[in-house]
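Take any residue in the sequence shown, note its place counting from 1, add 339, and you have its number in the numbering used here.
The next block holds one structure in the form of structure tokens; read it before the comments.
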Amino acid sequence: VTDAGDAALESPEEFFAKAERVIIAVDCENADPCKVIGIIKDIEARGLISKVAKVLLVDDEHTSSQWRALRRNESIPLEYYLTDRVKDEKSAVDVAMTIKFYREITEARLNNTPIDAAIIVSSDCDFWPLIELTPEVNFLVMLEYDNCSQAYYQRLQTNEIPFFYIDEYYTAGNVELKTEIVLQEVVRELEEGFLSKINLLSIINRALVKLDLRMTESEVTQFFDRYIADVGIAFAKNGSAFLQNKPALNS
Numbered sequence: 340v341t342d343a344g345d346a347a348l349e350s351p352e353e354f355f356a357k358a359e360r361v362i363i364a365v366d367c368e369n370a371d372p373c374k375v376i377g378i379i380k381d382i383e384a385r386g387l388i389s390k391v392a393k394v395l396l397v398d399d400e401h402t403s404s405q406w407r408a409l410r411r412n413e414s415i416p417l418e419y420y421l422t423d424r425v426k427d428e429k430s431a432v433d434v435a436m437t438i439k440f441y442r443e444i445t446e447a448r449l450n451n452t453p454i455d456a457a458i459i460v461s462s463d464c465d466f467w468p469l470i471e472l473t474p475e476v477n478f479l480v481m482l483e484y485d486n487c488s489q490a491y492y493q494r495l496q497t498n499e500i501p502f503f504y505i506d507e508y509y510t511a512g513n514v515e516l517k518t519e520i521v522l523q524e525v526v527r528e529l530e531e532g533f534l535s536k537i538n539l540l541s542i543i544n545r546a547l548v549k550l551d552l553r554m555t556e557s558e559v560t561q562f563f564d565r566y567i568a569d570v571g572i573a574f575a576k577n578g579s580a581f582l583q584n585k586p587a588l589n590s
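The structure is reproduced here in structure tokens:
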């Protein structure tokens, strides 16, 4: 839709070179999680994360759980804010993000640590007033080709607000990045769901009650250490779980 050679295009590297303290505000409802995570990883890899005052993620309950992968990154100053819908059909992300952004800018100025630059990660033109009414901050808008309207693109061009298309960003690492995100989600699901419901000591005690047998606490501990502790859980190719190293009397 737009010309990639336009003068307003600016890379994150060029933007950071001119900035002192940057806030990155992400509209989770209008941004691709995988691409945003890739951008943050690239900023870290280039040693630019020290310039980031905060990464602000403003999310809606109906968006992707992929944002958890970024929230787990403890090496970046990150705040995650989940908006609550009053009406099911109406999101509050844009309003919440604007308010949170202004608070960050104001608090930084009052603390004598002013933020001079901001990256808005969203193709939503509702954030134009935020850009227009904050002239003391230099903006870079990160857009997606298919989600940015021609009118918003022209508004950015006319007002010489630099922007950057993230559609092709981090292409080389996309497979690795997606693998990482999927692995994190699978592990979380296992730990919070399947594995959290398994307590082998409870299973031993239920077996004793069912069989009308008694063991002292010491006997239960010895039984667990000898027969149960090394039991593992494996998964067949169809995804079903089975026991590995099943306990046996001759073990």
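Note that CB positions come from ideal geometry on N, CA and C, so glycine has one too.
Quick caveat: nothing in here was measured; it's all calculated off a predicted structure.
| Asked | Found |
| --- | --- |
| For G571, name the three-state secondary structure that DSSP assigns. | strand |
| When DSSP labels each residue in this structure, what does I444 get in the three-state scheme? | helix |
| Among S462, E524, S389 and Q523, whose alpha-carbon lies nearest the alpha-carbon of L495? | S462 |
| Between which two residues does the beta strand (DSSP E) harbouring L479 extend? | N477 to L482 |
| Classify G532 as buried or exposed, calling it buried when 16 or more other Cβ atoms lie within 10 Å of its own Cβ. | exposed |
| For I458, which of M481, L449 and E446 has the nearest alpha-carbon? | M481 |
| Starting from the N-terminal side, write out each stretch of the beta strand (DSSP E) that is 3 residues or longer and does not extend beyond the segment 502-551. | 502-504 |
| Please go through the same chain and pick out, in chain order, the residues whose beta-carbon is closer than 6 Å to the beta-carbon of Q583, but skip the five residues on each side of it. | G571 and A573 |
| Considering Cα atoms alone, identify which of F563, K357, S579 and P372 is closest to V476. | K357 |
| In the DSSP assignment, what residue or residues form a beta bridge with I363? | V394 and I458 |
| Quick one: measure Cβ to Cβ for V397 and I415, integer angstroms, because I've assumed they're closer than 8 Å. | Actually they are not in contact, since the Cβ atoms of V397 and I415 sit about 16 Å apart, beyond 8 Å. |
| Go through its chain and collect everything with a Cβ distance to A587's Cβ below 6 Å, but skip five positions before and after it. | none |
| Check the DSSP bridge columns for D381 and list the partner residues they point to. | Note: D381 sits in no beta bridge, so no partner. |
| I'd like to confirm the pairing. Which residues does DSSP put opposite Q583 in its beta bridges? | G571 |
| In its own chain, which residues sit with a C-beta less than 8 Å from the C-beta of I363, not counting the 5 before and 5 after it? | I379, V391, K393, V394, L395, A457, I458 and V460 |
| Using the C-alpha atoms, what's the distance from S541 back to F466? | 54 Å |
| Can you tell me where the alpha helix (DSSP H) with T560 in it begins and where it stops? | E556 to F562 |
| Report all residues from its chain with a CB closer than 6 Å to the CB of Y491; omit the five preceding and five following residues, and keep chain order. | C464 |
| With which residues is T422 paired in a DSSP beta bridge? | D399 |
| Taking the alpha carbon of E368 as the point to measure from, which residue in R360, W406 and I382 has its own alpha carbon closest? | W406 |
| Could you compute how far the alpha carbon of T560 sits from the alpha carbon of E383? | 47 Å |
| By DSSP, does K576 sit in helix, in strand, or in coil? | coil |
| Could you check what DSSP says for L449 in three-state terms: helix, strand or coil? | helix |
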